[in-house]
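Colleague:
Number of protein chains: 2
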Amino acid sequence: MSELKGACILGQSGGPTSVINASAYGVIATALNSPAITAVYGAEHGIKGVLNDRLFDMGKEAPAELELLKYTPSSALGSCRYKMADPDMDDTDYKRILETFKKYDVRYFFYNGGNDSMDTCNKISKYMQKAGYECRVMGVPKTIDNDLYGTDHCPGYASAAKYIATSCMEVYQDARVYDTGMVCIIEIMGRHAGWLAGAAALATAYGAGPDLVYLPETDFNMEEFLADVERIYKEKGNCMVAVSEGIHYPDGTFVSEAKASATDGFGHAQLGGLAATLAAVVKEKTGAKVRGIELSLLQRCGAHLASETDIEESFMAGKAAVENAVNGITDKMVGFERIERDGHYVCKTALLNLTDVANTEKKVPREWINPRGNGVEQPFIDYVLPLIQGEPKLPKEDSLPRFAKLKKVLAK
Amino acid sequence: MSELKGACILGQSGGPTSVINASAYGVIATALNSPAITAVYGAEHGIKGVLNDRLFDMGKEAPAELELLKYTPSSALGSCRYKMADPDMDDTDYKRILETFKKYDVRYFFYNGGNDSMDTCNKISKYMQKAGYECRVMGVPKTIDNDLYGTDHCPGYASAAKYIATSCMEVYQDARVYDTGMVCIIEIMGRHAGWLAGAAALATAYGAGPDLVYLPETDFNMEEFLADVERIYKEKGNCMVAVSEGIHYPDGTFVSEAKASATDGFGHAQLGGLAATLAAVVKEKTGAKVRGIELSLLQRCGAHLASETDIEESFMAGKAAVENAVNGITDKMVGFERIERDGHYVCKTALLNLTDVANTEKKVPREWINPRGNGVEQPFIDYVLPLIQGEPKLPKEDSLPRFAKLKKVLAK
Numbered sequence: 316m317s318e319l320k321g322a323c324i325l326g327q328s329g330g331p332t333s334v335i336n337a338s339a340y341g342v343i344a345t346a347l348n349s350p351a352i353t354a355v356y357g358a359e360h361g362i363k364g365v366l367n368d369r370l371f372d373m374g375k376e377a378p379a380e381l382e383l384l385k386y387t388p389s390s391a392l393g394s395c396r397y398k399m400a401d402p403d404m405d406d407t408d409y410k411r412i413l414e415t416f417k418k419y420d421v422r423y424f425f426y427n428g429g430n431d432s433m434d435t436c437n438k439i440s441k442y443m444q445k446a447g448y449e450c451r452v453m454g455v456p457k458t459i460d461n462d463l464y465g466t467d468h469c470p471g472y473a474s475a476a477k478y479i480a481t482s483c484m485e486v487y488q489d490a491r492v493y494d495t496g497m498v499c500i501i502e503i504m505g506r507h508a509g510w511l512a513g514a515a516a517l518a519t520a521y522g523a524g525p526d527l528v529y530l531p532e533t534d535f536n537m538e539e540f541l542a543d544v545e546r547i548y549k550e551k552g553n554c555m556v557a558v559s560e561g562i563h564y565p566d567g568t569f570v571s572e573a574k575a576s577a578t579d580g581f582g583h584a585q586l587g588g589l590a591a592t593l594a595a596v597v598k599e600k601t602g603a604k605v606r607g608i609e610l611s612l613l614q615r616c617g618a619h620l621a622s623e624t625d626i627e628e629s630f631m632a633g634k635a636a637v638e639n640a641v642n643g644i645t646d647k648m649v650g651f652e653r654i655e656r657d658g659h660y661v662c663k664t665a666l667l668n669l670t671d672v673a674n675t676e677k678k679v680p681r682e683w684i685n686p687r688g689n690g691v692e693q694p695f696i697d698y699v700l701p702l703i704q705g706e707p708k709l710p711k712e713d714s715l716p717r718f719a720k721l722k723k724v725l726a727k
Numbered sequence: 316m317s318e319l320k321g322a323c324i325l326g327q328s329g330g331p332t333s334v335i336n337a338s339a340y341g342v343i344a345t346a347l348n349s350p351a352i353t354a355v356y357g358a359e360h361g362i363k364g365v366l367n368d369r370l371f372d373m374g375k376e377a378p379a380e381l382e383l384l385k386y387t388p389s390s391a392l393g394s395c396r397y398k399m400a401d402p403d404m405d406d407t408d409y410k411r412i413l414e415t416f417k418k419y420d421v422r423y424f425f426y427n428g429g430n431d432s433m434d435t436c437n438k439i440s441k442y443m444q445k446a447g448y449e450c451r452v453m454g455v456p457k458t459i460d461n462d463l464y465g466t467d468h469c470p471g472y473a474s475a476a477k478y479i480a481t482s483c484m485e486v487y488q489d490a491r492v493y494d495t496g497m498v499c500i501i502e503i504m505g506r507h508a509g510w511l512a513g514a515a516a517l518a519t520a521y522g523a524g525p526d527l528v529y530l531p532e533t534d535f536n537m538e539e540f541l542a543d544v545e546r547i548y549k550e551k552g553n554c555m556v557a558v559s560e561g562i563h564y565p566d567g568t569f570v571s572e573a574k575a576s577a578t579d580g581f582g583h584a585q586l587g588g589l590a591a592t593l594a595a596v597v598k599e600k601t602g603a604k605v606r607g608i609e610l611s612l613l614q615r616c617g618a619h620l621a622s623e624t625d626i627e628e629s630f631m632a633g634k635a636a637v638e639n640a641v642n643g644i645t646d647k648m649v650g651f652e653r654i655e656r657d658g659h660y661v662c663k664t665a666l667l668n669l670t671d672v673a674n675t676e677k678k679v680p681r682e683w684i685n686p687r688g689n690g691v692e693q694p695f696i697d698y699v700l701p702l703i704q705g706e707p708k709l710p711k712e713d714s715l716p717r718f719a720k721l722k723k724v725l726a727k
């Protein structure tokens, strides 16, 4: 390993999470303390900040405010959804990035995001190698969807899972106070993977959660769904359902986007999401009082319900990215490995090839979902439970959250 | 005062709150310790439990589980929305209630609810007086809407307000991560009074909240609303709006129910609530990315964000109801009086006539709302801030809420 001296850039990309800034703090705090790293820059809106020469000098921030990043939800530096071109087809952006790297003598690049962001990170890494520009590129994982390949789980997932489980437990109490009964449908994020929707079953495992849980890993069958809801509603007088936004028919059509058909009574949905759509169908079929609740952005920014484990692991992922890079590693994403030690959950970092990670989705194993596709099995619960543990001591001001306030001084 | 020995009944009524069971615990714990009270019954589903002879013997519950009621959201005994007839027109229900009272020697009746429930409580109180049946009847206030007459505020309001303010602060972080901009519309409960929607302005007061807040105390003007959103969106690239579900046009029509008109582009809404409706209108007008979020049941059962002040005051209200009744008071509702002591907020209980409270709504004073009707003034913030203070130490099991588990043994 050769020592490589130079500046670093951190970018945040894709949909934010409630702990993404804990990873940012892991990168920033570690980089600020690394003798090899001469300056620490935060890119405004991910790779766009590099393209537009909008870099914040993290060394100019008050250390106490930086520390608050651990408890501040949603990309503090700004995020982006920017698809990089294939450099063999169009290398304009890559040349621009190289220009910025040279201008600031950037030798370390840390990119924090999900599938698409790892693709960006991978492309930049490969381009710099090809261009012969020495720069260590590391991906830091982040996604509430938990669908990154090769890692046991992703930073951000557990806090969203805890938010979902806790909210389901509370709504469960509320949705059964009247003797008139109710069907309650909770819509949860996760377009292609059901990790988040499955977390609703944690509430059930603790005695107050959905009767039915639908993940996008299986095909949705409206008739079976309605039959199951009706049966439970008749039996118990109430029925609670958790659905992933990504549930779809066998032909791949999302239920949320399905158009009118004579058989299923569809065609109501013009506004409102899946929960509202399903609520209308259930109401028509059963005559029950029905309420659809979409957890929407709340589930991915609910830092007040963050898992302490998730916060610490997110920090650790950022820290490991810097430490490994300084030690000569490049072209990798930091991942997590789960170890059982004396019957306890322990999480270790691992290094994965960016090429392997980019654009590969990890789904919930079919055997973790019950045969009828309306619930999850015990292995799913065992998987997610250790991840949500621990209550962080949240900084507050007058009983409201005290989030980090960054000065965001532009680098010159 | 004459000592009156006998059993007591507690009923929970109307929409639940995240601290309604703290009042129940205040009643139950105090009553179980009162020598005058021979048995403590919880009515299943409010007054319906009295009518149907479905009373739970609270003395049979484990004390530790009863204590957990302080942190368990939503009417643990079950609630109802049951409108009592005018006893002069139809006294069937009242005779039935008297029968149950006599059967169990009930001499104390505590009813925990909002406007309609206080009407029920008042009618029962007056009927018992007329029937010459000695029974002390006390109302215990409860409503997230905070619209009960004569009391400074209502148990349940502050915790919902804190949930709303905190969630707005978190969503604020999330709704501005991209450089592409977004309009975010948050729909908050409160059909006739804007106390809850106004609480969103707490988030703004702490630097991360809605730019615009609309309460039902003023008439809604769609043109002004769109102009305000467009102006802010152009200026800042983002705009966050909090709306009460009860906003209405000058003719009283709820905006959520307004039908298509040629001028305002309405007529989309078939599913989804007000937030989805307004989001569609704003999208059409501004072309911006728009997201509508309905806080729905989450805001009234979010016990994990409860205000410790609210929990303690809710408990105090229940306790005061029992203590006053045992001391000879009847036909009153417990209310709150706000006192400033050495510059600090102090809350004392007061006694209000049930007749005065029943069916009278307290609205947000017009002068606490800004002239244009799109925000609240400082006195509103000063009013609500002390109420949301304090973090309760929430009982958890594996980092998930541990709610009370009642045996609900039916009284014989």
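Going line by line, the protein sequences match chains Y and R. The working numbering numbers the first residue of the first sequence as 316 and each following residue consecutively. The working numbering numbers the first residue of the second sequence as 316 and each following residue consecutively. Beta carbons are placed, not taken as given, at the ideal position from N, Cα and C, and that holds for glycine.
Can you check whether the CB of Q327/R is closer than 7 Å to the CB of N427/R?
Modeller: yes
Colleague: May I ask you to list the residues that DSSP assigns as paired with T664/R?
Modeller: F651/R
Colleague: Run the proximity test for F540/R: is its beta-carbon closer than 6 Å to any non-hydrogen atom belonging to the ligand HEM?
Modeller: Ligands are entirely absent from the displayed structure, and the ligand HEM is therefore not among its contents.
Colleague: Checking 7 Å against the spacing of the C-beta atoms, do T353/Y and A322/Y come in under that value?
Modeller: yes
Colleague: Keeping to the same chain, check which residues put their C-beta closer than 7 Å to that of N689/Y; ignore five residues upstream and five downstream.
Modeller: L527, V528, Y529 and D543
Colleague: Does the separation of the CB atoms of S559/R and I503/R fall below 7 Å?
Modeller: yes
Colleague: Determine the DSSP secondary structure at C530/R, reduced to helix, strand or coil.
Modeller: Correcting the residue type first, residue 530/R is Leu in the shown sequence and not Cys. In the structure shown, L530/R adopts coil according to DSSP, grouped into three states.
Colleague: So R396/R contacts chain Y; which residues on that side make the cut at Cβ distance below 9 Å?
Modeller: What R396/R touches in chain Y: Y493 and T495.
Colleague: How is Q704/R classed by DSSP in three states: helix, strand or coil?
Modeller: Note: Q704/R maps to coil in three-state DSSP.
Colleague: Which runs of the alpha helix (DSSP H) at least 4 residues long sit entirely within the region 405 to 482 of chain R? Give them in chain order.
Modeller: Fully enclosed alpha helix (DSSP H) runs of no fewer than 4 residues occupy 407 to 418 and 430 to 446 of the region 405 to 482 of chain R, in order along the chain.
Colleague: Using DSSP's beta-bridge definition, name the partner residues of R656/R.
Modeller: When beta bridges are read from the DSSP output, R656/R appears opposite H659/R.
Colleague: Shorter than 7 Å from the beta carbon of P388/Y to some beta carbon of chain R?
Modeller: yes
Colleague: Under 8 Å, CB to CB, which of the residues in the region 532 to 549 of chain Y have a partner in chain R?
Modeller: none
Colleague: Name the residue from D713/Y, P694/Y, F540/Y and D372/Y whose alpha carbon lies nearest to the alpha carbon of K727/Y.
Modeller: K727/Y has its Cα closest to that of D372/Y, out of D713/Y, P694/Y, F540/Y and D372/Y.
Colleague: Apply the 10 Å Cβ neighbour rule to Q614/Y and answer buried if 16 or more other Cβ atoms are within range, or exposed otherwise.
Modeller: buried
Colleague: Following the continuous beta strand (DSSP E) through C499/R, name the residue where it begins and the one where it ends.
Modeller: M497 to I503
Colleague: Could you tell me if K551/R is buried or exposed, where buried requires 16 or more neighbouring beta carbons within 10 angstroms of its beta carbon?
Modeller: exposed
Colleague: So, helix, strand or coil for Y564/R, using DSSP?
Modeller: If DSSP states are grouped into helix, strand and coil, Y564/R belongs with coil.
Colleague: Do R422/Y and C450/Y have their C-beta atoms within less than 7 Å of each other?
Modeller: yes
Colleague: Is the beta carbon of A520/R closer than 7 Å to that of M484/R?
Modeller: no
Colleague: Check the Cβ of V486/Y against every Cβ in chain R and list those closer than 8 Å, keeping chain order.
Modeller: Ordered by position in chain R, the residues that pass the 8 Å Cβ test against V486/Y are L612, L613 and C616.
Colleague: Please classify M369/Y: is it buried, with 16 or more other beta-carbons within 10 angstroms of its beta-carbon, or exposed?
Modeller: The residue you asked about is not Met; residue 369/Y is Arg in the sequence shown. Buried.
Colleague: Cβ of E652/Y within 7 Å of Cβ of D467/Y?
Modeller: The answer is yes: Cβ separation under 7 Å.
Colleague: Mapping DSSP to helix, strand and coil, what is H583/R?
Modeller: Here the model assigns H583/R a pLDDT of 38, short of 50, so the residue's position is not dependable, and the following value carries that caveat. Coil, per DSSP.
Colleague: K438/R: which of V455/R, A632/R, T415/R and D403/R sits nearest, CA to CA?
Modeller: D403/R
Colleague: I need the straight-line Cα distance from D434/Y to K410/Y, nearest angstrom please.
Modeller: 17 Å
Colleague: For V637/Y, which of S333/Y, G393/Y and Y340/Y has the nearest alpha-carbon?
Modeller: Y340/Y
Colleague: Does any C-beta atom of chain R lie closer than 7 Å to the C-beta of I703/Y?
Modeller: yes
Colleague: Assign H659/R to one of two classes, buried (16 or more other C-beta atoms within 10 Å of its C-beta) or exposed (fewer than that).
Modeller: exposed
Colleague: Report the option in D646/R, F695/R and A632/R whose CA atom is closest to the CA atom of E682/R.
Modeller: By alpha-carbon distance to E682/R, the top candidate from D646/R, F695/R and A632/R is F695/R.
Colleague: What does a CB cutoff of less than 6 Å around I562/R pick up in its chain, not counting 5 residues either side in sequence?
Modeller: Y529, P531, F535 and V570
Colleague: Determine which residues share a DSSP beta bridge with I324/Y and list them.
Modeller: Y356/Y and F424/Y
Colleague: Can you tell me which of the three DSSP states A575/Y falls into?
Modeller: Note that A575/Y has pLDDT 39, beneath the 50 cutoff, so the model's placement of it is unreliable and no number is given.
Colleague: Of all the options I343/Y, G357/Y, K457/Y and V679/Y, which has the alpha carbon lying nearest to the alpha carbon of K723/Y?
Modeller: G357/Y
Colleague: Since V385/R and N336/R should fall inside the 8 Å C-beta cutoff, what is the C-beta to C-beta distance between them, to a whole number of angstroms?
Modeller: It is worth fixing the name first, because residue 385/R is Lys in this sequence and not Val. The Cβ separation is near 7 Å, so the contact holds.
Colleague: Please classify Y487/R: does DSSP put it in a helix, a strand, or coil?
Modeller: Y487/R: helix per DSSP, three-state reduction.
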